[in-house]
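Novice:
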Amino acid sequence: MVRVRFTADARRAVRDKRAWWEAHREKAPGLFVQELAAAVAKLRERADEERQRYAIVRGRLIWRILLPRTKLHLYDRIDDAGDVEILAAWNAVSGAAPDL
């Protein structure tokens, strides 16, 4: 099992998205947290079958994994220690790409 950590930008994005979800999704206020926890567990276990190769940025492969019901992508990379570093949490249907 590997360590999963969030960059400061990713932590802020997750906090903002969680607050929005809890305030606006009355029928499933905890869904975002559930999907996030499931995705992080998959990343810890290196369950790569759901991750997609996204891009190479500054010589590093960037992956993404979809939180299917909340329509959010987590973008990550493997750091020098072999741990997963989540770089961004981004709306999967926005049409724009995150600044990685």
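Its first residue numbered 1, the sequence shown is counted upward by one per residue in the working numbering.
Backbone N, C-alpha and C define an ideal beta-carbon position, used for all residues, glycine too.
1) Buried or exposed: where does R77 fall if 16 or more other Cβ atoms within 10 Å of its Cβ makes it buried?
2) Please state whether DSSP places V33 in a helix, a strand or coil.
3) For L100, name the three-state secondary structure that DSSP assigns.
4) Over what stretch of residues does the alpha helix (DSSP H) that includes D16 continue unbroken?
5) Enumerate in chain order the residues of its own chain whose CB-to-CB distance from M1 is below 7 Å, with the five nearest sequence positions on each side excluded.
6) Could you tell me if I62 is buried or exposed, where buried requires 16 or more neighbouring beta carbons within 10 angstroms of its beta carbon?
7) If you check the beta carbons only, do I86 and F6 fall under 9 Å apart?
8) Quick check: what's the CA-CA separation for A38 versus D48?
9) Any idea what DSSP makes of R44, helix, strand or coil?
10) From A81, W21, L67, pick the residue whose C-alpha is nearest to that of R52; which is it?
Specialist: On the basis of the supplied data:
1) With 16 or more other Cβ atoms within 10 Å, it is buried.
2) The answer is helix: DSSP assigns V33 an H, G or I state.
3) L100: coil per DSSP, three-state reduction.
4) Run containing D16: 8-24, per the alpha helix (DSSP H) assignment.
5) Contacts found: R44, E45.
6) I62 should be labelled buried.
7) Taking 9 Å as the Cβ cut-off, I86 and F6 qualify as a contacting pair.
8) Each residue's Cα considered, the two are about 13 Å apart.
9) Here R44 sits in helix by DSSP.
10) Arg is not the amino acid found at residue 52; the sequence shown has Gln there. If you compare the alpha carbons of A81, W21, L67 with that of Q52, the shortest gap goes to L67.
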